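Notes follow the structure.
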Amino acid sequence: MNRRLHLLTSLLLGALLLVSAATGLVLSGASLSEQFGQLDAPGDSVAVVAERVSQHLPNVERLERSANGTLLATLGGDVEEPVHVVDPATGADLGPYAPSATLEWLRDLHRELLLGSTGRWLSGLAALALALLAISGAILLARRLGGWRRLLTPIRAGQGMLHWHTVIARWTLPGLAVLALSGLYLSATSLGLLGDGADNEPAWPEGIQATPHLPLGSLAALRQVELPQLRELEFPSAADDIHYLGVRTASGSGFVNAASGQWISFQRNGAAQNLFETAYALHTGEGMPLWSMVLAGLSLSTLFLGGSGLLGWWQRRSRAGVQDQGVPADEARAVILVGSQGGSTWTYARQLQAQLEAAGWPVHVAAMNAVQDDYPQARCLLLLAATYGDGQAPDSAAQFLGRLAEVRWPARGLPVAVLGFGDRQFPRFCAYAEAVEQALLQRGCQPLLPLQRVDRQASGELNAWAGQLGECLGTPLRLQSALLASSAVRLTLQERQCYSERGGQPAAVLRFSVAPGSTRFAPGDLLAIRPLDTAAVDTAQADASQKDTAPRLYSIASAADDGFVEICVRRHPQGLCSSYLHDLQPGAELAASLQPHPGFRPQAGEHPVLLIGAGVGVAPLIGFVRRNESRRPIQLYWGGRHASDQLYGEELRQCLADGRLQRLQRAFSEGPTPAYVQDRLREDGASIRALLQQGAQVLVCGSREMAAGVRAVLETLLAEMGSNLDQLKAQGRFREDVY
15 MNRRLHLLTS LLLGALLLVS AATGLVLSGA SLSEQFGQLD APGDSVAVVA ERVSQHLPNV
75 ERLERSANGT LLATLGGDVE EPVHVVDPAT GADLGPYAPS ATLEWLRDLH RELLLGSTGR
135 WLSGLAALAL ALLAISGAIL LARRLGGWRR LLTPIRAGQG MLHWHTVIAR WTLPGLAVLA
195 LSGLYLSATS LGLLGDGADN EPAWPEGIQA TPHLPLGSLA ALRQVELPQL RELEFPSAAD
255 DIHYLGVRTA SGSGFVNAAS GQWISFQRNG AAQNLFETAY ALHTGEGMPL WSMVLAGLSL
315 STLFLGGSGL LGWWQRRSRA GVQDQGVPAD EARAVILVGS QGGSTWTYAR QLQAQLEAAG
375 WPVHVAAMNA VQDDYPQARC LLLLAATYGD GQAPDSAAQF LGRLAEVRWP ARGLPVAVLG
435 FGDRQFPRFC AYAEAVEQAL LQRGCQPLLP LQRVDRQASG ELNAWAGQLG ECLGTPLRLQ
495 SALLASSAVR LTLQERQCYS ERGGQPAAVL RFSVAPGSTR FAPGDLLAIR PLDTAAVDTA
555 QADASQKDTA PRLYSIASAA DDGFVEICVR RHPQGLCSSY LHDLQPGAEL AASLQPHPGF
615 RPQAGEHPVL LIGAGVGVAP LIGFVRRNES RRPIQLYWGG RHASDQLYGE ELRQCLADGR
675 LQRLQRAFSE GPTPAYVQDR LREDGASIRA LLQQGAQVLV CGSREMAAGV RAVLETLLAE
735 MGSNLDQLKA QGRFREDVY
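Residue numbers (the working numbering): 15 to 753.
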C-alpha cells in the first residue's frame, strides 16, 4: 500500500512538485544572495534609524524592512519612484527600488503557477504530494532497512541512482517534512481555509492632541525596538492631522504617540500570527541565511529524488515488462519463477532463460505470484526469490506461500532449486528464500540443489549456484551480476608471463596498459570479455562462439593508479576466451569492460586477513597484498599443481620480506607429498582458530571444488569455537569469488 501510494503520488503529482522544487531552488538562492548583500546597523534602534532616514528624505511616509534585511522607504508627494532603498547605518538614499521582474515571475510561478487562485490550489497539491511522499518514503525506508530502529544505521555502499535515492532521502526526510507542512499551511492560509491572524489588530488611537512632535530619535517606545524586529513603520503627518506612528514588529503591532513617545496601544501576535510567521520563515528562509542554504539543498534533493525515483520506476518497469515469458506453462520443461522488489532479479531470470533456450530447453518465466496449479511437462522448477528489507517477501512474491498450499505440482515430486537474494547487513538475511525452501520441502518437493544465498548480487555466489545447476541440467550456465555497472575500455597488452603447468593447461599473467585516470578499478574487480569481442581461433570455436555469448569474468590483480590492468588466465581445452588471451602478443589490442566488485575485498581496519586461493584465483589476492601499505596482518594459503609452477612466486617472497605479507602457505596436488590448500588449513587449525578469534576476515577465490573443501574445513574449525560459517558471513567476514 505504501509503495503504491508513493508511486501514484509521484506519477500523478510529480510534475507539479518538480516545478515547485525548481522555482524554490532559484528563490532560495536569490534570498540567500539578498541576505548576504544587505547593509545593516548593528545595535541601532528603530528610533535612531528612522531619524537618520527622515533627515535624508524629509518626505518619507513609511519604512519597511524585509526579513532579508532590505530597508525600503516610501516617499510622499509627487515623485516618479515612490519606493527607495536606504542605508540603515547612515539613512542615505541608495536609489529607487527595482525588484527583479524575473524573480517576481518565478515567485508567482512557485505560488500560483501563473494561474491565480486556481494555481494556488495546484501549489497546495504539490505541497500535499511532498508530504505524502515524505511519509510513505519514511515507511518504505524503515521497511527496507529492517525497522524504525535501524533507520539511522549505515546504508551499505551500492551503485546506481536508486542507491543514492535511498541515501539522500534518508538524510533529507526531516527537512522535506518541514518544507511540506509549512507549504501546506501557507497554501491553506492563502486560500482562506485557515486564518493567519492578520485581523488581530491593536486598538485604534482616538483623540490624540495636536501637540508638537518629539524628534524621532527620542521616542522612547521606538528606542526599545531594535531594527531587526521592525516590519513596518508609518510616519506621522501633521498635514493630515495624524499625530501618531503605526508600528508593526516581529512580536506584534501598535501605535506610538508622536508627542510623548509612549505606546498608545500594542497588540501582541496571537497564536495564529506566530504560526504564520514561523511557517513563512521555515518555508522561505528569509532572515535565516543558514536555513536558506538548507532550503536550497532540499530543493535540489527534491529534484534529484523525483528524477531518480521516476527513472528507477521506469527501469524496473522495463526489466519486468519486457520479460518474455517463453513457452506456455503447460509446455515448459524448465519453469523459472521470480520474486523481485526492485526488478533486478528478473535480469537473472532472463539470463537463465536465454542460456537454457539456447541449449534446447522450452522455458516458462513468470512472477512467483503467478504460480500455476501444475506444470505437467516440467523437469525442474527454479525459484529466484529476493528478500525485501529484514526478511519480508517482495511484492511480486507476496502471495506465493499462500498459493503454494493449493497447487498440485509438489505432489509429483518436481525437482526445485531456490536462489535467494538479500543483504547480509540484515539479521534475517535471505529469510524469505529460506521460508520458500522450507514450504517447498514440507509440500514434498525434491531439492535439485541446496538453497544458495546471494549477498547483494555477488558475482561469485551467483556463479557458484549457476555452475552447480548447469551440472545438474547438463548444460553450462553462468550469471552476470546486474548490480555491477560496466565501464567499456580498450586495452593494449603490455607484457605477458607464462607458467607452463603440467597437464596441458598453462597459466599466464597478462598486463594491459590503460590510460591513467580514464577509469577506476581496484584489486578484486572484474574484467569482462565476451567471446564475440575476440577473434575465434578456429572455425569450430567460431561456430561455438555464436551460441555462447556470455562474458568471461577475470579477477583483476591491479588498481587504476598502477596504470595497467592485470589478470591471470588459465588456458582451457576448447576455451574461447582463454585460448585467445593466451595467444595475444605484446601490442595487441583488446575490447573489454570493467565491472566493480565491492563485495569481494578486505574490509577497512586492522583485523587480520586470511586469503585462500588456488590456481589463477591468486590474482585478486596478490592485488590485496600489494596494496597492504599499512602492514596489516595478512596470511595467504595458495594451492597449485606442481612446485615448479608458482604464480607470482618472486613477488610473494618480496612481500614477505617487506612485511606486506605476514605468512605464505602453499600446497601442491602433484609431487612427492601431494596436498590441497584445504589440507594446509586443516594442519594449521590452531593458528586459523586464533586468527578467527582475533576477528579475521576470510576471502576465498578459486574453483567451486576448492571453495567447497575450504568451507568444510572452516565449518569444522568454527564449530570447535561454538560458531559457524553463517555467523561469519552475517558479520561480513567470509567472502567468496568462485568459478
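From the three backbone atoms N, C-alpha and C, an ideal C-beta is built for every residue, glycine too. These numbers were taken from a predicted model, which means no experiment stands behind them.
Among residues of its own chain, excluding the 5 on either side of residue i, which ones have a beta-carbon nearer than 6 Å to its beta-carbon?
i: residue 475; result: 468
i: residue 222; result: 257 and 258
i: residue 208; result: 202
i: residue 322; result: 175 and 179
i: residue 558; result: Because the pLDDT of residue 558 is 43, which lies under 50, any placement of that residue in the model is unreliable, and the number read from its coordinates should be weighed accordingly. Correct list: empty, nothing qualifies.
i: residue 727; result: 692, 695 and 696
i: residue 309; result: 42 and 299
i: residue 636; result: 571 and 662
i: residue 396; result: 350 and 431
i: residue 760; result: The structure shown does not extend to residue 760, since the chain is modelled only from 15 through 753, so no value can be given for it.
Less than 7 Å separating the beta-carbons of residue i and residue j?
i: residue 339; j: residue 408; result: no
i: residue 29; j: residue 117; result: no
i: residue 346; j: residue 376; result: yes
i: residue 414; j: residue 537; result: no
i: residue 604; j: residue 533; result: no
i: residue 108; j: residue 99; result: yes
i: residue 121; j: residue 137; result: no
i: residue 134; j: residue 205; result: yes
i: residue 721; j: residue 684; result: no
i: residue 709; j: residue 621; result: yes
i: residue 63; j: residue 230; result: no
i: residue 374; j: residue 424; result: no
i: residue 265; j: residue 281; result: no
i: residue 262; j: residue 237; result: no
Compute the beta-carbon to beta-carbon distance between residue i and residue j, rounded to the nearest angstrom, for a pair I have assumed lies under 8 Å.
i: residue 519; j: residue 470; result: Going by Cβ atoms, the distance from residue 519 to residue 470 rounds to 33 Å, so no, they are not a contact pair.
i: residue 644; j: residue 577; result: Not really, about 22 Å apart at Cβ, beyond 8 Å.
i: residue 141; j: residue 197; result: 3 Å
i: residue 570; j: residue 541; result: 6 Å
i: residue 432; j: residue 399; result: 6 Å
i: residue 472; j: residue 401; result: Incorrect: roughly 14 Å between the Cβ atoms, too far for contact.
i: residue 428; j: residue 382; result: About 15 Å separates the two Cβ atoms, so there is no contact after all.
i: residue 755; j: residue 702; result: Nothing can be reported for residue 755: it is not among the residues displayed for the chain, which extend from 15 to 753.
i: residue 589; j: residue 715; result: Not a contact, Cβ separation roughly 19 Å.
i: residue 193; j: residue 19; result: The pair is not a contact, with the Cβ atoms about 19 Å apart (cut-off 8 Å).
i: residue 27; j: residue 143; result: 4 Å
i: residue 66; j: residue 247; result: No, residue 66 and residue 247 are not in contact; Cβ-Cβ is about 13 Å, not under 8 Å.
i: residue 275; j: residue 235; result: 6 Å
Assuming residue i is part of the beta strand (DSSP E), what are its boundary residues?
i: residue 673; result: Here residue 673 belongs to no beta strand (DSSP E), and DSSP marks it neither H nor E.
i: residue 753; result: Careful: residue 753 lies outside any beta strand (DSSP E) and carries neither H nor E.
i: residue 648; result: 648-654
i: residue 107; result: 107-110
i: residue 434; result: 429-436
i: residue 350; result: 348-353
Looking only at its chain, what residues have a beta carbon closer than 7 Å to the beta carbon of residue i, apart from the 5 residues adjacent to it on each side?
i: residue 25; result: none
i: residue 226; result: 273
i: residue 509; result: 525 and 600
i: residue 335; result: Caution is warranted here: a pLDDT of 49 is assigned to residue 335, below 50, making its placement in the model unreliable, and the coordinate value is therefore given only provisionally. Correct list: empty, nothing qualifies.
i: residue 40; result: 120
i: residue 306; result: 42, 45, 46, 49 and 299
Enumerate in chain order the residues of its own chain whose CB-to-CB distance from residue i is below 8 Å, with the five nearest sequence positions on each side excluded.
i: residue 553; result: Model confidence at residue 553 stands at a pLDDT of 40, short of 50, so the residue's coordinates are unreliable; what they give is reported in the following sentence. So no residue of the chain qualifies.
i: residue 343; result: 349, 378, 380, 386 and 389
i: residue 498; result: At residue 498, the pLDDT of 48 sits below 50, so the modelled position is not reliable; the number obtained from the coordinates is stated separately. Excluding residues within five positions, the ones whose Cβ falls inside 8 Å are 173, 471, 473, 540, 609, 610 and 611.
Name the two residues that bound the continuous alpha helix (DSSP H) containing residue i.
i: residue 411; result: That residue, residue 411, is in no alpha helix (DSSP H); it is neither H nor E in DSSP.
i: residue 479; result: 473-487
i: residue 297; result: 285-298
i: residue 597; result: 590-597
i: residue 199; result: 175-204
i: residue 256; result: Unbroken run through residue 256: none, as it is neither H nor E.
i: residue 702; result: 699-707
i: residue 123; result: 115-126
i: residue 65; result: 60-70
Taking 6 Å as the line, does the beta carbon of residue i fall inside it for any heavy atom of the ligand PLP?
i: residue 664; result: Within the structure as shown, the ligand PLP is missing, as the structure has no ligands at all.
Count the CB pairs spanning the segment 606-614 and the segment 640-654 that are closer than 8 Å, and state whether there are at least three. no
Is it the case that the segment 452-466 contacts the segment 478-485, given that we only count it when at least three CB pairs across the two stretches are under 8 Å? yes
Would the segment 74-86 count as touching the segment 299-309 if we require 3 or more Cβ pairs under 8 Å? yes
Any 3 or more C-beta pairs closer than 8 Å across the segment 69-78 and the segment 144-152: no
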